[in-house]
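Trainee: Counting from 1, one number per residue, gives the positions in the first sequence under full-length UniProt numbering.
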Amino acid sequence: MGRSPCCEKAHTNKGAWTKEEDDRLIAYIRAHGEGCWRSLPKAAGLLRCGKSCRLRWINYLRPDLKRGNFTEEEDELIIKLHSLLGNKWSLIAGRLPGRTDNEIKNYWNTHIRRKLMNRGIDPATHRPINEPAAADVTTISFATAATKEEEEKVISGFSIKEEKSPVRECCPDLNLELRISPPYQNQSDQPLKTTSSILCFSCSLGIQNSEECSCGDGTSSSNTGYDFLGLKSGVLDYRSLEMK
DNA sequence: AATCTTTACAACCGCAACTAA
DNA sequence: TTTAGTTGCGGTTGTAAAGAT
Numbered sequence: 001m002g003r004s005p006c007c008e009k010a011h012t013n014k015g016a017w018t019k020e021e022d023d024r025l026i027a028y029i030r031a032h033g034e035g036c037w038r039s040l041p042k043a044a045g046l047l048r049c050g051k052s053c054r055l056r057w058i059n060y061l062r063p064d065l066k067r068g069n070f071t072e073e074e075d076e077l078i079i080k081l082h083s084l085l086g087n088k089w090s091l092i093a094g095r096l097p098g099r100t101d102n103e104i105k106n107y108w109n110t111h112i113r114r115k116l117m118n119r120g121i122d123p124a125t126h127r128p129i130n131e132p133a134a135a136d137v138t139t140i141s142f143a144t145a146a147t148k149e150e151e152e153k154v155i156s157g158f159s160i161k162e163e164k165s166p167v168r169e170c171c172p173d174l175n176l177e178l179r180i181s182p183p184y185q186n187q188s189d190q191p192l193k194t195t196s197s198i199l200c201f202s203c204s205l206g207i208q209n210s211e212e213c214s215c216g217d218g219t220s221s222s223n224t225g226y227d228f229l230g231l232k233s234g235v236l237d238y239r240s241l242e243m244k
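Pasting the structure below:
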């Protein structure tokens, strides 16, 4: 058995959207707003499934989309967010106004992955290629979050555990944990800040001039208490990681 | 000019999460 | 508490365009 399909596939168009379909969708959403995607196609006179309409609107037709090439700053922000959040494209997109999760995912797969490889960095782990697994890893664990809401709370409350050796839970082959670790850099010429400075989330992501900078002095390294991304001090505020 | 290969990205699919009855 | 319907997310695919041969 299984669940019924999300739409009547026999009577829906697939593939590229036509200008006329786009116009219909835009007109309908302008008039009625984003609402029930399930019923939207029929109401808008579109032979599309609701999911397809939603995707087309969110990824292509929404008026607030930025479009155009990614800037170098966006590149670096994506890399840093990915090192922190993994493939949580929607969360990453939430930090890049005008960009969609799909766009960022595509951009990651076509540009950034290669860019990191060229730098000798494994895009999956953000560690140097061929480097053995790290002995001490800081883990942000979502494993205890039963629901998405709880996961948000875990992010907000920053539930972190330090592992000297990874703990395998009941499903050893199913690793749902996000791991973060200090970004790769030449340790000899730029040692990590240890306990000598506090950085806000914006600064730790390298966007010191951001309005969200809350550490007072975006470029400061003179404050006290900090390490990568403000983990120890708790200065890093995941609550600013809004969902779309 | 023709063909093949690579790149970029829009769109689809399956599933998990959420919600309301 | 359960269940069915809906939404959102992430992985993957299809294909047009660009570049190489």
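Idealized CB from N, CA, C, for every residue including glycine.
On the CB-based measure, 16 or more other CB atoms within 10 Å of its CB, does residue 34 come out buried or exposed?
Mentor: exposed
Trainee: When the Cα of residue 73 is compared with those of 20, 95 and 127, which residue comes out closest?
Mentor: 95
Trainee: Could you tell me which of 86, 92, 122 and 51 sits nearest to residue 13, measuring between CA atoms?
Mentor: 51
Trainee: Can you check whether the CB of residue 56 is closer than 8 Å to the CB of residue 17?
Mentor: yes
Trainee: What is the DSSP secondary structure of residue 121, reduced to helix, strand or coil?
Mentor: In the structure shown, the three-state DSSP call for residue 121 is strand.
Trainee: Quick one: is residue 20 buried, meaning 16 or more other Cβ sit within 10 Å of its Cβ, or exposed?
Mentor: Exposed is the call here.
Trainee: Identify the continuous alpha helix (DSSP H) that holds residue 75 and give its terminal residues.
Mentor: 72 to 85
Trainee: Using only the alpha-carbon positions, how far apart do residue 111 and residue 100 sit?
Mentor: 16 Å
Trainee: Taking 8 Å as the threshold (C-beta atoms), are residue 121 and residue 114 in contact?
Mentor: no
Trainee: Is DSSP giving residue 127 helix, strand or coil here?
Mentor: strand
Trainee: So what does DSSP say about residue 16, is it helix, strand or coil?
Mentor: coil
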